[in-house]
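Peer 1: Dropping the structure in here first, questions after.
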Amino acid sequence: MDLNIALLKGDGIGPEIIDSAVEVLERVGSLYGHKFTFTPYLIGGIAIDETGEPLPQATVDGCLASDSVLLGAVGGPKWDDLPGDKRPEKALLGIRYALGLYTNLRPAKLFPALKGASPLREDIVGACFDIMIVRELTGGIYFGDRGYRQGKYGEEAFDTEAYSVKEIERIGKAAFDIARKRGKRVTSIDKANVLETSRLWRKTMQALAEQYPDVEYRDMLVDNAAMQLVRDPKQFDVIVTSNMFGDILSDEASQITGSIGMLASASLGDTTRGMYEPIHGSAPDIAGQDKANPIATVLSAAMMLRYSFGLSAEADSIERAVDSVLTSGARTADILGSSALPPVGCRAMTEQIVSAL
Ligand code: IPM
Ligand code: MG
C-alpha cells in the first residue's frame with residue numbers, strides 16, 4: 312500500500328518518540344512492501360513559537376489530506392502562562408474536533424515482562440489484565456460553554472458539560488462493537504447519582520445494551536471505578552466513559568500497567584483516518600536527553616496500521632517485536648522497576664525494536 316502519514320511531533324520528547332515510530336514504520340514498510348510518506352506539520356508550543364497559533368490552519372488541512380496522523384505530545388512550561396485559548400493543549404482539542412475523532416481507544420494492558428514495574432501487588436495483578444478504555448473525545452465538559460462571570464462571591468469561572476443522545480449512542484456503539492471482538496463485557500462509567508448528563512448517559516447506554524444481548528453490560532459510578540481499578544483490574548474488559556472521566560481513569564489504568572510510557576492510543580471517527588498518539592505527555596524534564604520511552608508511540612503506530620489501514624499482520628509484528636525486546640530485559644528508565652541492569656535510551660530501545668522486527 313502507498314500511505315500518507317501526517318506527523319505532528321509537537322513539543323518536549325515529541326520529536327524523539329515520533330522519530331522512533333517512523334523508523335519502525337519504515338522497517339515494517341520495507342519488510343511488507345508498503346510505502347509510507349511522512350509529512351511533518353507544526354502543532355503545540357513549537358507552532359506557537361513559529362506561527363503564533365497552537366494549531367495552524369495548514370496543520371489541519373495537512374491532516375485532512377493525509378491517510379492518517381501520528382502525534383507525539385504537546386505543551387511545556389514555556390507556554391504554561393498563555394491564556395487558555397492560546398495554550399498548546401488547545402491544539403490537541405482542536406485537531407481532535409477538526410478531524411471528527413470522537414472515539415478514543417486507550418488500551419491498558421499489562422505486559423507480562425513488566426509485572427514487576429506495576430505498583431500493584433502480584434496477586435492483585437493476576438496473570439495479566441487487558442482493559443480497553445473507550446473515551447468520548449469531542450464532547451462533554453472539554454467542549455462546553457466556559458468563561459467568567461460575577462457570582463455570589465464575586466468573580467467566578469465556569470465550565471459546563473453537555474451530552475446529546477446522539478453523542479452518547481455513537482460512542483456506546485463503538486464500545487459495544489469493540490467488546491464483541493474481545494471479552495464481550497462493557498462497563499459504562501458515569502456519575503449518575505449527581506450529574507444530569509450522566510443520567511442521560513446511563514439511560515442511553517442501557518437502551519443500547521439491549522441491542523447487544525451477547526455483550527455483558529453494567530454501569531459503575533466513577534468514584535467506585537477509580538477504586539475498583541486498583542482493587543481488582545481483571546474485572547474490566549471494555550470501559551466506556553465521558554471525555555473527562557476517561558481522561559482521568561486512563562491515566563490511572565496506565566500507571567497500574569507499570570508505566571504511562573507504554574500506552575498507545577487511537578482516536579477514530581467515521582472515516583478510516585485516525586490520529587494515533589502515546590497517552591503520556593511531552594515530559595519536558597527529560598526532553599532531548601535520549602531518556603524517553605518510545606514504546607507508547609511505536610505501539611500507537613501499530614494501532615494505526617491495524618485500525619486505519621487494516622494491516623493486522625504488520626501491527627502484530629510490531630507488538631511482537633516490543634514484547635520480545637521487553638522479554639530480553641531491555642528497559643528505559645521509566646520501566647526499570649527492580650532491574651539490576653542500567654536503563655537503555657530512546658535510541659537504543661528503538662534500534663532493538665527495529666532489529667527484533
Ligand atoms: C490526554 C491529555 C489531554 C486531555 C490534555 C493535554 C489536553 O491529558 O490526552 O489525556 O485532557 O485530553
Ligand atoms: Mg490525560
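Per the working numbering: the sequence shown = residues 312 to 668. Beta carbons are placed, not taken as given, at the ideal position from N, Cα and C, and that holds for glycine.
Taking only beta-carbon atoms, is Arg542 less than 8 Å away from chain D?
Peer 2: The structure shown contains no chain D; it holds only a single protein chain.
Peer 1: Just to check, is the beta-carbon of Asp470 closer than 7 Å to a non-hydrogen atom of the ligand MG?
Peer 2: Answer for Asp470: no, Cβ out of range of the ligand MG.
Peer 1: Report the rounded CA-to-CA distance for Thr449 versus Ser565, giving the unit in angstroms.
Peer 2: Distance between the alpha carbons of Thr449 and Ser565: 21 Å.
Peer 1: Of all the options Leu412, Asp434, Met531 and Leu540, which has the alpha carbon lying nearest to the alpha carbon of Ser578?
Peer 2: Ser578 has its Cα closest to that of Leu412, out of Leu412, Asp434, Met531 and Leu540.
Peer 1: Alpha carbon to alpha carbon, how far is Asp488 from Asp525? Give it in angstroms, no decimals.
Peer 2: Spanning the two alpha carbons is a distance of roughly 11 Å.
Peer 1: Does the distance from the C-beta atom of Gly386 to that of Pro367 stay below 8 Å?
Peer 2: No, the Cβ-Cβ distance between Gly386 and Pro367 is not below 8 Å.
Peer 1: Kindly examine the ligand MG and report whether one of its heavy atoms sits closer than 7 Å to the Cβ of Asp581.
Peer 2: No; taking the cut-off as 7 Å, the Cβ of Asp581 has no heavy atom of the ligand MG nearer than that.
Peer 1: How many angstroms separate the CA atom of Leu637 from the CA atom of Val371?
Peer 2: Whole-angstrom Cα-Cα distance: 36 Å.
Peer 1: How is Lys463 classed by DSSP in three states: helix, strand or coil?
Peer 2: Note: Lys463 maps to coil in three-state DSSP.
Peer 1: Hey, how far is the Cα of Asp581 from the Cα of Ser619?
Peer 2: Going by the C-alpha atoms only, they are around 11 Å apart.
Peer 1: Confirm, please, whether the CB-CB distance from Leu353 to Thr362 is below 8 Å.
Peer 2: Yes. Within cutoff.
Peer 1: To the nearest angstrom, how far is it from the Cα of Ala485 to the Cα of Ile328?
Peer 2: If you take the alpha carbons of Ala485 and Ile328, they lie about 29 Å apart.
Peer 1: Enumerate in chain order the residues of its own chain whose CB-to-CB distance from Pro388 is below 7 Å, with the five nearest sequence positions on each side excluded.
Peer 2: Counting only Cβ-Cβ distances below 7 Å, and skipping sequence neighbours, we find Pro595.
Peer 1: From Gly437, Leu668 and Gly373, pick the residue whose C-alpha is nearest to that of Leu410; which is it?
Peer 2: Minimum Cα distance to Leu410 is reached at Gly373.
Peer 1: Which residues in the same chain as Arg584 place their Cβ atom closer than 6 Å to its Cβ, once the five residues preceding and following it in sequence are excluded?
Peer 2: Cβ within range, chain order: Ser379.
Peer 1: What beta strand (DSSP E) runs, 3 residues minimum, are completely inside the segment 476 to 514?
Peer 2: As far as the segment 476 to 514 is concerned, its whole beta strand (DSSP E) runs of at least 3 residues are 496 to 501.
Peer 1: Going by DSSP, name the residue or residues bridged to Ala438.
Peer 2: Partner(s): none; Ala438 has no beta bridge.
Peer 1: Would you mind giving the Cβ-Cβ distance between Arg513 and Asp548, rounded to the nearest angstrom? I have them listed as a contact below 8 Å.
Peer 2: Incorrect: roughly 19 Å between the Cβ atoms, too far for contact.
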